[in-house]
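Okay, so here's the structure we're looking at.
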Amino acid sequence: MKNDQYWMARALELAKHAEQQGEIPVGAVIVRDGTVLGEGWNQPISQHDSTAHAEIQALRAACAHVENYRLPDATLYVTLEPCIMCAGAIVHARIKRVVMPQKSLKQAQ
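Counting the sequence shown from 1 gives a position; this note's numbering is that position plus 14.
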């Protein structure tokens with residue numbers, strides 16, 4: 015069974031992808047019942063969109079996947095503590111659980 019470490023590793027891969035694209039390295043994965051509903055990485059620079067944070071991208075993908083704006087019983091794995099915009103969106107989407115590293119990525123390196 016895939017655990018929190020597994021899904022956080024996927025979020026970290028997405029963060030590296032963001033960094034390779036010249037973005038702030040943040041990645042996010044939304045999972046429910048062991049299935050990925052949506053993924054995202056930071057894209058504000060490349061998308062010319064101040065709301066294109068990793069969490070928002072993952073929420074948009076997950077909501078489109080399930081065809082609902084609510085994601086009850088889902089878990090969000092994100093590599094950095096969500097900003098206030100993303101925190102609000104997470105609450106509105108009814109995400110049940112948010113998992114993030116206990117240390118910042120800089121401290122972990």
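Yeah, the Cβ is synthetic: ideal placement off N, Cα and C, and Gly gets one too.
Between residue i and residue j, is the Cβ-Cβ spacing less than 8 Å?
i, j, result
"Val40", "Leu94", "yes"
"Asn82", "Ala68", "no"
Taking just the CA atoms, how far does residue j sit from residue i?
i, j, result
"Asp87", "Ala107", "10 Å"
"Pro58", "Glu27", "18 Å"
"Cys77", "Pro115", "24 Å"
Apply the 10 Å Cβ neighbour rule to residue i and answer buried if 16 or more other Cβ atoms are within range, or exposed otherwise.
i, result
"Ile104", "buried"
"Cys97", "exposed"
Given 7 Å as the limit, tell me if residue i has its C-beta closer than that to any heavy atom belonging to the ligand SAM.
i, result
"Pro96", "No copy of the ligand SAM appears in this structure; indeed no ligand is present at all."
Under 8 Å by Cβ, that's how I've got residue i and residue j pegged, so tell me the actual separation to the nearest angstrom.
i, j, result
"His79", "Gly36", "With a Cβ gap of about 27 Å, His79 and Gly36 do not count as contacting."
"Ala25", "Val92", "6 Å"
### Message
Under 8 Å: do the stretch 40-50 and the stretch 72-86 share three or more Cβ pairs, one atom per stretch?
### Response
Result yes; three or more Cβ-Cβ pairs closer than 8 Å.
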